[in-house]
Amino acid sequence: MEELKAAKNFIEEFIEEDMRTKQNRITTRFPPEPNGYLHIGHAKALCIDFGMAKKYGGTCNLRFDDTNPTKEDAEYVEAIKYDINWLGFEWAELKFGSDYFGQCYELAVKLIKKGVAYVDDLSKDDMREYRGTLTEAGKESPFRSRSVDENLELFSRMKAGEFADGSRTLRAKIDMASPNINMRDPALYRILHMAHHQTGDKWCIYPMYDFAHPIQDAIEGITHSLCSLEYEAHRPLYDWVVEQCEFENKPRQIEFARLNLTNTIMSKRYLRRLVEEGYVSGWDDPRMPTLCGMRRRGYTPEAIRDFLARVGVSKADSTVDTAMLEHCVREDLNASAYRMMAVISPIRLVVTNWEAGRYEDVEIENLPGGEAGAHSVRFGRELYIEREDFAIDPPGKFFRLKPGGEVRLKGAYIVKCENYDVDEAGLVTTIYCTYDPATKSGECERKVKGTLHWLPDNAVPAEFRLYEPLMLTATDEDADKDFTQLMNPDSLQIKHGFVENELAKAAPGDRFQFMRVGYFAADIDHTAEKPVFNRTVGLKDSFKM
RNA sequence: UGGGGUGUAGCCAAGCGGUUAAGGCACGGGACUUUGACUCCCGCAACGUAGGUUCAAAUCCUGCCACCCCAGCCA
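The first sequence runs 105 to 649 under the numbering used here.
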């Protein structure tokens with residue numbers, strides 16, 4: 105299912121070329137920053153990083169890119185590891201960017217000695233001033249021509265903690281007139297008197313991503329450093345660092361387009377706001393596009409991987425229709441989720457010619473075809489059916505129950521609607537039917553157009569949580585103006601209905617197809633007295649009123 | 001207006017000088033059905049634009065247009 109892509113993507117072409125002409129091996133890495141939970145966008149990178157390594161007989165490392173202690177926390181480390189494994193990937197080595205702080209420092213010293221790095225005393229604002237603009241060249245810092253010895257001494261004192269945060273930086277000496285702004289003497293190290301979640305108080309200077317990343321890659325023996333498009337303009341700098349540090353191993357950075365999904369907020373910044381401002385219950389709220397949220401909602405790793413394989417890899421900015429994701433989920437769940445009956449919005453149905461107190465167990469197949477066995481449901485005089493499966497005055501091709509109409513109750517008998525009660529508000533309260541004893545399921549030739557799901561009167565009360573997209577499509581500017589404006593008020597609907605008795609003991613995470621209703625997952629965190637089911641995705645419904 | 005990227009149907013995405021321009025999602029029609037599901041058939045629409053090179057261009061060249069990324073001591 106995942107191998108249906110025959111065509112090679114552009115990354116595979118590069119890799120194959122390199123394996124032919126450079127080194128006959130591949131090692132990749134997945135480098136999340138531990139500042140949040142992994143989401144479906146990360147899953148794309150995961151599939152590419154781990155997938156490429158596997159396809160070409162290499163390995164992939166997991167490396168936490170933790171060079172900025174102001175934004176990171178160890179809290180996320182375990183969650184990220186868990187999600188990667190859940191998705192089905194295993195790393196060869198587990199590293200932290202901070203493991204390389206010592207080596208980064210030594211290499212910085214090396215660059216200073218080579219005369220291609222210097223300590224700059226310019227303030228942040230001055231540096232911005234000196235950098236120039238997109239159309240005008242920058243100008244050189246007055247500190248750019250310091251002697252090697254002076255740079256060495258200052259850098260050593262930076263490390264020793266003699267200077268205040270922001271008072272100095274170590275910069276690469278490249279070209280202040282470069283048309284590529286990233287090459288205008290980028291900062292390599294900044295001073296930050298702050299404890300790091302991995303290294304504690306050992307360091308008060310931290311390397312920048314642009315300096316640390318290529319070093320980490322090169323040391324780890326990474327051959328292909330796959331990342332998203334926004335790093336394209338950083339590649340010359342990446343190569344510069346590898347070159348200046350004189351690494352034997354020269355990893356190749358290849359960029360690809362990140363994943364966007366319709367009606368889905370993928371920006372970590374906004375996801376964080378949703379959590380911190382209480383719009384959702386947490387990172388694992390089933391409405392979140394995080395892997396933990398999707399897991400709780402009932403998405404399977406197989407479906408996610410299949411989806412990502414279908415989306416493919418390219419450099420074109422794109423927004424994939426969530427319908428494609430949902431299709432993959434349905435396809436996967438259709439083959440594995442047991443068919444059970446649930447009534448989300450119940451209405452009472454009385455079989456008037458069935459004696460009170462008489463019951464009959466009827467069989468329902470677990471999966472179509474019957475090879476997965478069956479389970480039984482108790483049929484009797486009083487039942488529940490779905491409220492929307494009955495219409496007093498139905499539209500044209502309504503196959504469900506209507507006054508005088510006939511319908512089969514799944515696995516049981518054909519019933520005919522004889523009458524119904526309505527309350528003062530006009531709401532139907534009870535439907536009265538008669539059943540045809542000659543129409544027992546499996547022993548009857550007669551066909552009717554509609555088949556309804558139903559439940560006995562002793563069914564188990566359950567809570568159903570129906571999810572709609574959390575965010576409406578909007579621009580970042582809109583979101584900055586008024587975050588609440590983007591919220592979908594109907595993103596969560598809670599319904600109280602019933603499920604088959606067997607589901608009283610549904611294990612958290614179990615997935616089912618509630619016939620004619622949709623795919624649901626027993627809630628992972630449910631502690632309620634009655635079971636809670638999250639709707640993973642609805643069934644396709646070709647009936648339109 | 002500097003640099004780096006990207007433009008193939010409603011949405012993804014193959015294609016690499018000669019193809020009727022793959023495939024998937026979505027959509028429409030039909031068959032089947034004890035889930036209006038699934039499955040199975042059938043249909044569906046595209047090379048940003050203007051020139052040029054060539055017997056032949058989505059593929060090569062040039063101009064133009066549109067969109068994305070870069071002016072953090074973030075990643």
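Cβ coordinates follow ideal geometry from the N, Cα and C atoms, glycine included. Since this is a predicted model, take the numbers as computed values, not measurements.
Exercise. Helix, strand or coil for Trp-558 per DSSP?
Worked result: Taken through DSSP and simplified to helix, strand or coil, Trp-558 comes out as strand.
Problem set entry | Close-in-space but distant-in-sequence residues of the same chain around Gly-397 (CB under 6 Å, 5 per side omitted) | The beta carbon of Gly-397 is closer than 6 Å to those of Asp-388, Asp-389 and Pro-390 in its chain, skipping five residues each way along the sequence.
Exercise. Are the region 487-497 and the region 445-456 touching, with three or more C-beta to C-beta distances below 8 Å?
Worked result: Yes, the region 487-497 is in contact with the region 445-456.
For this session: Express the C-alpha separation of Leu-556 and Tyr-463 in angstroms, rounding to a whole number.
Result: If you take the alpha carbons of Tyr-463 and Leu-556, they lie about 19 Å apart.
Exercise. Are the beta-carbon atoms of Val-636 and Phe-602 separated by less than 8 Å?
Worked result: Their beta carbons are not under 8 Å apart, which means Val-636 does not touch Phe-602 by this criterion.
Problem set entry | Backbone secondary structure at Pro-565 - three-state DSSP | Collapsing the DSSP output to three states places Pro-565 in a strand.
For this session: May I have the straight-line CA-CA distance separating Thr-640 from Tyr-517, to the nearest angstrom?
Result: So the alpha carbons of these two residues sit roughly 30 Å apart.
For this session: Please name the residue, chosen from His-600, Val-252 and Ser-245, that lies closest to Ala-566 on a Cα-to-Cα basis.
Result: For the residues His-600, Val-252 and Ser-245, the minimum Cα distance to Ala-566 belongs to His-600.
For this session: Enumerate in chain order the residues of its own chain whose CB-to-CB distance from Ala-626 is below 7 Å, with the five nearest sequence positions on each side excluded.
Result: Spatial neighbours of Ala-626 in its own chain (CB-CB distance under 7 Å, excluding positions within 5 residues in sequence) are listed in chain order as Ala-610, Ala-611, Pro-612, Gly-613, Asp-614, Pro-635 and Phe-637.
For this session: Could you tell me which of Asp-279, Cys-308, Thr-303 and Asp-229 sits nearest to Phe-267, measuring between CA atoms?
Result: The residue from Asp-279, Cys-308, Thr-303 and Asp-229 with its alpha-carbon nearest to that of Phe-267 is Cys-308.
Exercise. Who are the Cβ neighbours of Asp-153 in its own chain at under 8 Å, not counting the five residues just before and after it?
Worked result: Result list for Asp-153: Thr-132, Arg-133, Phe-134, Cys-164 and Leu-330, in chain order.
For this session: Look at the alpha carbon of Gln-568 and the alpha carbon of Thr-174, and state the distance between them as a whole number of angstroms.
Result: Rather than Gln, the amino acid found at residue 568 in this sequence is Phe. Whole-angstrom Cα-Cα distance: 40 Å.
Exercise. Between Glu-194, Phe-259, Glu-606 and Tyr-524, which lies nearest to Val-454 when the distance is taken from Cα to Cα?
Worked result: For the residues Glu-194, Phe-259, Glu-606 and Tyr-524, the minimum Cα distance to Val-454 belongs to Tyr-524.
For this session: Grab me the residues of Glu-107's own chain with a C-beta within less than 6 Å of its C-beta, minus the 5 sequence neighbours each way, in chain order.
Result: With a pLDDT of 36 at Glu-107, under the threshold of 50, the modelled position of that residue is not reliable, and no figure is offered here.
Exercise. From Glu-296 to Asn-353, what does the alpha carbon distance come to, in whole angstroms?
Worked result: It is worth fixing the name first, because residue 296 is Leu in this sequence and not Glu. When rounded, the distance between both Cα atoms is 30 Å.
Exercise. Which one or two residues does DSSP pair with Pro-135 in a beta bridge?
Worked result: Answer is none; Pro-135 lacks a bridge partner.
Exercise. Does the distance from the C-beta atom of Cys-208 to that of Leu-412 stay below 8 Å?
Worked result: Between Cys-208 and Leu-412, the CB-CB gap reaches or exceeds 8 Å.
For this session: Indicate whether the contact test is met: 3 or more Cβ pairs, each with one atom in the region 297-306 and one in the region 228-239, closer than 8 Å.
Result: Touching, no, given that fewer than three Cβ pairs across the two stretches are closer than 8 Å.
Exercise. In the DSSP assignment, what residue or residues form a beta bridge with Ile-468?
Worked result: Looking at the DSSP output, Ile-468 shares a beta bridge with His-479.
Problem set entry | Boundaries (first-last residue) of the alpha helix (DSSP H) holding Tyr-234 | Counting along the chain, the alpha helix (DSSP H) containing Tyr-234 begins and ends at 228-235.
Exercise. In angstroms, rounded to a whole number, what distance separates the CA positions of Gly-265 and Glu-179?
Worked result: One Cα belongs to Gly-265, the other to Glu-179, and the distance between them is close to 27 Å.
Problem set entry | Pair within 8 Å by beta-carbon distance, Cys-521 and Gly-530 | Not closer than 8 Å, so no.
Exercise. Mind checking whether Met-428 and Arg-409 have CB atoms under 8 Å apart?
Worked result: Taking 8 Å as the Cβ cut-off, Met-428 and Arg-409 do not qualify as a contacting pair.
Exercise. Short check: CB of Ala-361 to CB of Asp-436, under 8 Å?
Worked result: No, they are not a contact pair.
Exercise. According to the neighbour-count rule (16 or more other Cβ atoms, all chains shown, within 10 Å of its Cβ), is Glu-336 buried or exposed?
Worked result: In summary, Glu-336 is exposed, with fewer than 16 beta-carbon neighbours lying within 10 Å of its beta-carbon over all protein chains present.
Exercise. Do the CB positions of Phe-259 and Val-223 come within less than 8 Å of each other?
Worked result: The Cβ atoms of Phe-259 and Val-223 lie closer than 8 Å to each other.
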